Each structure stands twice: as structure tokens, then as C-alpha cells.
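Enquirer:
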Amino acid sequence: MNVIYPLAVPKGRRLCCEVCEASAERVCTACTVTYYCGVVHQRADWRSIHEKICQLLIPLRTSMPFYNSEEERQHGLHQLQQRQKHLIEFCYTVAQKYLFEGKHEDAVPAALHSLRFRMNVHGLSSVELVPAYLLLAEASLGLGHIVQAEEYLSQAQWTVLKSTECSYATHSLLHRNLGLLCMAKENYEEARYHLANDIYFASCAFGTEDIRTSGGYFHLANIFYGLNKLDLADTLYTKVSEIWNKYLNDHYQVLSQARIQQIDLLGKRFEADTGLDEAQEAEAIRILTSVLNIRESTSDKAPRKTIFVLKILVMLYYLMMNYSKGWISCY
Numbered sequence: 001m002n003v004i005y006p007l008a009v010p011k012g013r014r015l016c017c018e019v020c021e022a023s024a025e026r027v028c029t030a031c032t033v034t035y036y037c038g039v040v041h042q043r044a045d046w047r048s049i050h051e052k053i054c055q056l057l058i059p060l061r062t063s064m065p066f067y068n069s070e071e072e073r074q075h076g077l078h079q080l081q082q083r084q085k086h087l088i089e090f091c092y093t094v095a096q097k098y099l100f101e102g103k104h105e106d107a108v109p110a111a112l113h114s115l116r117f118r119m120n121v122h123g124l125s126s127v128e129l130v131p132a133y134l135l136l137a138e139a140s141l142g143l144g145h146i147v148q149a150e151e152y153l154s155q156a157q158w159t160v161l162k163s164t165e166c167s168y169a170t171h172s173l174l175h176r177n178l179g180l181l182c183m184a185k186e187n188y189e190e191a192r193y194h195l196a197n198d199i200y201f202a203s204c205a206f207g208t209e210d211i212r213t214s215g216g217y218f219h220l221a222n223i224f225y226g227l228n229k230l231d232l233a234d235t236l237y238t239k240v241s242e243i244w245n246k247y248l249n250d251h252y253q254v255l256s257q258a259r260i261q262q263i264d265l266l267g268k269r270f271e272a273d274t275g276l277d278e279a280q281e282a283e284a285i286r287i288l289t290s291v292l293n294i295r296e297s298t299s300d301k302a303p304r305k306t307i308f309v310l311k312i313l314v315m316l317y318y319l320m321m322n323y324s325k326g327w328i329s330c331y
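Residue numbering for the sequence shown follows full-length UniProt numbering, beginning at 1 and increasing consecutively.
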């Protein structure tokens with residue numbers, strides 16, 4: 001039974017839905033510490049992130065045991081904080097992966113979990129909350145909820161303005177999402193301004209040729225492509241392709257020198273190793289596939305550029321050991 005009976009809830013305690021924070025009517029029977037307003041939100045959370053972290057929530061949402069000494073208590077608090085920090089990054093990566101795959105609805109519960117854990121660890125006004133706000137803003141944009149996206153972005157922008165220790169990387173993410181919002185509102189002039197700032201701050205943080213900077217180039221190229229400024233778009237798409245080509249080539253060379261693609265006696269090959277996390281792999285696939293589609297639509301003018309992007313995409317699938325996708329990309 002996973003239905004909550006109001007009379008069984010202690011007086012003064014309010015159980016809230018994990019997704020919308022409305023009054024809860026159901027509980028997850030697997031962990032018994034997560035509540036929902038109904039079946040729809042319970043299924044949405046389970047599909048998004050809860051299945052992956054269900055048992056990890058139990059020690060975070062139950063009372064701490066009695067400790068015999070202050071040293072043990074401090075150790076227990078440290079372990080609790082480390083678990084929360086792990087879940088912050090895990091939920092953030094999962095939400096990012098969903099966004100890059102175009103699964104905006106699935107990204108929302110994972111991003112909300114990341115935001116709440118950040119609040120628990122860093123407080124309600126910390127700049128560490130900004131990446132989670134930006135995920136929620138991007139998911140809202142993908143779902144067509146522009147007003148809600150603006151609210152999340154306003155919260156992120158205000159938090160950054162109040163902070164004196166905001167990193168270049170965070171500034172980059174903020175301007176990228178502001179640029180995406182302006183694109184959704186068809187305010188391309190302001191979108192270009194924000195994406196130029198995204199590229200500047202990402203370059204300060206990682207360098208101009210880093211894969212984490214390529215997203216800004218990619219979105220800026222999309223604007224120029226939509227405005228039919230094809231020469232500018234072509235230059236930026238080429239830049240994006242070259243950045244990913246260099247990264248994957250360099251990573252492949254390092255792997256080759258380290259293991260020379262050896263096979264053990266059982267014929268088992270090494271595991272996939274792209275040097276990227278799941279979200280970055282999803283981002284690479286999305287960017288390179290989009291560029292490839294654009295190149296193929298103009299392949300009669302520049303077939304070499306199409307082949308170049310195709311080669312990069314095949315190399316990515318090869319390093320991921322997703323040979324079937326790599327084979328399909330060739331046809």
C-alpha cells in the first residue's frame with residue numbers, strides 16, 4: 001500500500017510532493033521517505049531519477065543514529081554531507097544528459113533533486129544553486145514554458161549578482177541559457193550578445209579550443225543559420241567540428257599509447273573510454289549530429305565538410321564502443 005492516510009501523519013507535519021511540493025497523498029514503498037501528490041508525479045520521478053537513487057535517500061531522510069562521542073557524530077555528519085554532494089553531481093549529470101537527448105520532461109525531477117541537495121549543503125542563497133536553476137530553465141524552455149524559464153533564470157541571475165565569488169564557468173552557463181531564452185523569444189540580437197559572453201567566459205575558464213566552449217559556438221552558429229547568414233554559420237560549424245575532432249583525436253592517441261588496443265586471452269576488449277561523462281557524450285552526439293544534418297543538406301557545395309563531420313561522429317561512437325551506431329552513421 002502506497003497511499004498516505006492523513007490521520008496517520010503526525011500533527012504539525014506536512015508531507016509534500018517531491019515534484020510540485022503540493023500536499024502528498026502517496027509514498028514510495030521502496031524507500032518510504034519520498035512522497036507524491038499523485039500517480040502521475042510518482043511515475044515521472046521514478047522514470048527520471050528516483051529509480052537510480054531510491055535507496056540512497058534513506059540515510060539522508062531518516063534520523064541520524066545515536067553516537068557515543070562527538071568524534072563519531074562529526075564523522076556521521078561528514079558522511080551525510082559527502083552522500084549529498086555525490087547526489088548533487090549525479091542528479092545534475094543525469095538531468096544534463098536528458099536535456100542533450102531532448103527529454104526535457106524527464107530532466108525536471110532530476111534537476112529538482114540536484115537543486116534541493118544543493119540547498120541542504122550550501123544554503124538558500126549560495127551561487128552553487130545556479131547550475132541547477134539553469135538546468136530547470138533549459139528544461140522549461142524545451143517544454144515551451146517560457147515564463148517559468150524566465151523565473152528560473154531571474155533567480156539564477158540575481159544569485160550571481162549577489163555573489164562575489166562566481167566562477168567564469170558559471171557566468172558562461174548563465175549567458176548560454178539567457179541566449180537560449182532570447183532565441184526562443186526570437187530576440188536574436190540579444191541572443192547573440194549573451195552567446196558572445198558565453199564564449200568569452202567559457203574561454204576564460206577552459207580556453208578557446210575546449211569542448212566546453214564549443215556549445216557557445218554551436219548555438220551562435222544556429223542563430224546565423226536561421227538568419228540565412230550562411231558564411232558566418234559555416235565558419236562557426238567548422239570551428240565546432242575542429243574542436244571535437246582535436247579532442248577525440250588526442251584522446252584516441254593517449255589511449256593507443258597506453259594500451260595499443262590490446263585484447264586479452266579471452267578476446268575481451270577494453271571498456272568504452274571517451275574521457276567524457278554521460279552528459280558530455282550526449283552533448284557531443286547532439287552537436288555533431290546536428291552539424292552533420294546541416295552539412296548533408298548542403299553536401300553538393302562542400303562534400304569534404306560532410307565527410308569530416310561524419311568521421312568525427314564515427315570516432316566518437318568508436319570510443320564509446322557503440323559500433324552499431326558508428327556503422328549506421330556511415331550510411
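Built from N, CA and C at the ideal position, the CB exists for glycine as well. All figures in this text were calculated on a predicted structure; none of them were measured in a lab.
Measure how close the beta-carbons of alanine 156 and tyrosine 133 come, nearest whole angstrom, since I'm counting them as under 8 Å.
Expert: For the purposes of this step, residue 156 is taken as the residue at position 156 of the sequence shown. For the purposes of this step, residue 133 is taken as the residue at position 133 of the sequence shown. About 4 Å separates the two Cβ atoms, so the contact holds.
Enquirer: Let me confirm a value: tyrosine 67 is counted as buried when at least 16 other C-beta atoms fall within 10 Å, else exposed. Which label applies?
Expert: Your numbering for residue 67 matches position 67 in the sequence shown. Label assigned to tyrosine 67: exposed.
Enquirer: Give the single residue among Lys185, Ala221 and Cys28 whose Cα lies nearest to the Cα of alanine 44.
Expert: Translated into the one-based positions of the sequence shown, residue 44 becomes position 44. Among Lys185, Ala221 and Cys28, the Cα nearest to that of alanine 44 belongs to Cys28.
Enquirer: Going along the chain, which residues of its own chain have a beta-carbon closer than 7 Å to the beta-carbon of asparagine 120, five neighbours each way excluded?
Expert: Translated into the one-based positions of the sequence shown, residue 120 becomes position 120. So the qualifying residues of the chain are Gln84.
Enquirer: Short of 6 Å in beta carbon distance, which residues of its chain neighbour isoleucine 88, apart from the five on each side in sequence? Order them along the chain.
Expert: Within the sequence shown, residue 88 is the residue found at index 88, counting from 1. Only residues of its own chain outside the window of five on either side were considered, and among them Ser114, Phe117 and Arg118 have a CB closer than 6 Å to the CB of isoleucine 88, listed in chain order.
Enquirer: Closest to glutamate 189 by CA distance: which of Phe224, Gly215 and His104 is it?
Expert: Here the question's residue 189 lines up with position 189 in the sequence shown. Nearest C-alpha to glutamate 189: Phe224.
Enquirer: Could you please give the first and the last residue of the uninterrupted alpha helix (DSSP H) stretch that includes aspartate 106?
Expert: Within the sequence shown, residue 106 is the residue found at index 106, counting from 1. Per DSSP, aspartate 106 belongs to the alpha helix (DSSP H) from 104-122.
Enquirer: For tyrosine 35 versus cysteine 16, is the C-beta spacing smaller than 8 Å?
Expert: For the purposes of this step, residue 35 is taken as the residue at position 35 of the sequence shown. For the purposes of this step, residue 16 is taken as the residue at position 16 of the sequence shown. It is a contact, given that the beta carbons lie within the stated cut-off.
Enquirer: Taking a contact to mean a Cβ-Cβ separation below 8 Å, would you say isoleucine 287 touches valine 240 in this structure?
Expert: For the purposes of this step, residue 287 is identified with residue 287 of the sequence shown, where counting begins at 1. For the purposes of this step, residue 240 is identified with residue 240 of the sequence shown, where counting begins at 1. In this structure, valine 240 lies closer than 8 Å to isoleucine 287 by Cβ.
Enquirer: Below 7 Å CB to CB, which residues in the same chain sit around methionine 183 once its five sequence neighbours on both sides are set aside?
Expert: Translated into positions along the sequence shown, residue 183 becomes position 183. Hits under 7 Å: Ala191 and Ile223.
Enquirer: Starting from phenylalanine 90, follow the alpha helix (DSSP H) in both directions and report where the run begins and ends.
Expert: Taking the sequence shown and counting its residues from 1, the one referred to as residue 90 is at position 90. Residues 70-100.
Enquirer: Rounded to whole angstroms, what's the CA-CA distance from histidine 50 to leucine 135? Just pull it up for me.
Expert: Position 50 of the sequence shown, counted from the start, is the residue given in the question as residue 50. Position 135 of the sequence shown, counted from the start, is the residue given in the question as residue 135. Rounded to whole angstroms, histidine 50 to leucine 135 spans 18 Å at the Cα level.
Enquirer: Taking 8 Å as the cut-off, does the stretch 198-217 touch the stretch 161-181 (at least 3 CB pairs, one atom from each stretch)?
Expert: yes
Enquirer: If we call anything under 8 Å between Cβ atoms a contact, is lysine 97 one with alanine 233?
Expert: For this step, residue 97 is matched to residue 97 along the sequence shown. For this step, residue 233 is matched to residue 233 along the sequence shown. In this structure, alanine 233 does not lie closer than 8 Å to lysine 97 by Cβ.
Enquirer: Classify serine 23 as helix, strand or coil using the three-state DSSP reduction.
Expert: Position 23 of the sequence shown, counted from the start, is the residue given in the question as residue 23. Shown here, serine 23 sits in a strand according to DSSP, grouped into three states.
Enquirer: Determine the direct distance from the alpha carbon of histidine 41 to that of glutamine 4, and round the result to whole angstroms.
Expert: In the sequence shown, residue 4 corresponds to position 4, counting from 1. In the sequence shown, residue 41 corresponds to position 41, counting from 1. Reading off the sequence shown, one finds isoleucine at residue 4, where the question assumed glutamine. Looking at the two C-alpha atoms, the distance is approximately 15 Å.
Enquirer: Asparagine 228 lies in the alpha helix (DSSP H); which residues open and close that run?
Expert: Locating residue 228 in the sequence shown gives position 228, counting from the first residue. Asparagine 228 -> no alpha helix (DSSP H), and no H or E assigned at all.
Enquirer: Is DSSP giving tyrosine 36 helix, strand or coil here?
Expert: The sequence position of residue 36 within the sequence shown is 36, counting from 1. Correct three-state label for tyrosine 36: strand.
Enquirer: Would valine 19 be called buried (16 or more neighbouring beta carbons within 10 Å of its own) or exposed?
Expert: As a working note, residue 19 is residue 19 in the sequence shown. Valine 19 is buried by the Cβ-count criterion.
Enquirer: Among the candidates Leu236, Ile243 and Asn197, whose CA atom is the shortest distance from the CA of arginine 212?
Expert: In the sequence shown, the residue the question calls residue 212 occupies position 212. The candidate whose alpha carbon is nearest that of arginine 212 is Ile243.
Enquirer: Alpha carbon to alpha carbon, how far is glycine 275 from histidine 175?
Expert: Residue mapping note: residue 275 aligns to position 275 of the sequence shown, counting from 1. Residue mapping note: residue 175 aligns to position 175 of the sequence shown, counting from 1. C-alpha separation (whole angstroms): 26 Å.
Enquirer: Roughly how many angstroms lie between the CA atoms of methionine 64 and glutamine 82, to the nearest whole one?
Expert: For this step, residue 64 is matched to residue 64 along the sequence shown. For this step, residue 82 is matched to residue 82 along the sequence shown. Cα-Cα distance, rounded: 15 Å.
Enquirer: In angstroms, rounded to a whole number, what distance separates the CA positions of leucine 313 and glutamine 74?
Expert: One-based indexing of the sequence shown puts residue 313 at position 313. One-based indexing of the sequence shown puts residue 74 at position 74. Distance between the alpha carbons of leucine 313 and glutamine 74: 49 Å.
Enquirer: For glutamate 21, count the other beta carbons within 10 Å of its own beta carbon; 16 or more makes it buried, fewer makes it exposed. Which is it?
Expert: What you label residue 21 is simply residue 21 of the sequence shown in a count that begins at 1. It is exposed - the Cβ of glutamate 21 has fewer than 16 other Cβ atoms within 10 Å.
Enquirer: Under 8 Å between the Cβ atoms of leucine 153 and leucine 129?
Expert: Taking the first residue of the sequence shown as position 1, residue 153 is located at position 153. Taking the first residue of the sequence shown as position 1, residue 129 is located at position 129. No, the Cβ-Cβ distance between leucine 153 and leucine 129 is not below 8 Å.
Enquirer: Between which residues of its own chain and tyrosine 217 is the CB-CB distance below 7 Å, once the five residues before and five after are set aside?
Expert: As a working note, residue 217 is residue 217 in the sequence shown. Result list for tyrosine 217: Ile199, Leu236, Lys239 and Val240, in chain order.
Enquirer: Can you say whether aspartate 106 is buried or exposed, counting buried as having 16 or more other CB atoms within 10 angstroms of its CB?
Expert: Walking along the sequence shown from the start, residue 106 turns up at place 106. Buried, because 16 or more other Cβ atoms sit within 10 Å of the Cβ of aspartate 106.
Enquirer: Using the Cα positions of aspartate 277 and valine 94, report the straight-line distance between them to the nearest angstrom.
Expert: On the sequence shown, residue 277 is found 277 positions in, with the first residue counted as 1. On the sequence shown, residue 94 is found 94 positions in, with the first residue counted as 1. Between aspartate 277 and valine 94, the C-alpha separation is close to 10 Å.
Enquirer: Between lysine 246 and isoleucine 294, what straight-line distance do the alpha-carbon atoms span, to the nearest angstrom?
Expert: Residue numbering aside, residue 246 sits at position 246 when the sequence shown is read from its first letter. Residue numbering aside, residue 294 sits at position 294 when the sequence shown is read from its first letter. Lysine 246 and isoleucine 294: Cα-Cα distance of roughly 21 Å.
Enquirer: From what residue to what residue does the alpha helix (DSSP H) around lysine 301 run?
Expert: Here residue 301 corresponds to residue number 301 of the sequence shown, with the count starting at 1. Where lysine 301 is concerned, there is no enclosing alpha helix (DSSP H), given that its DSSP letter is neither H nor E.
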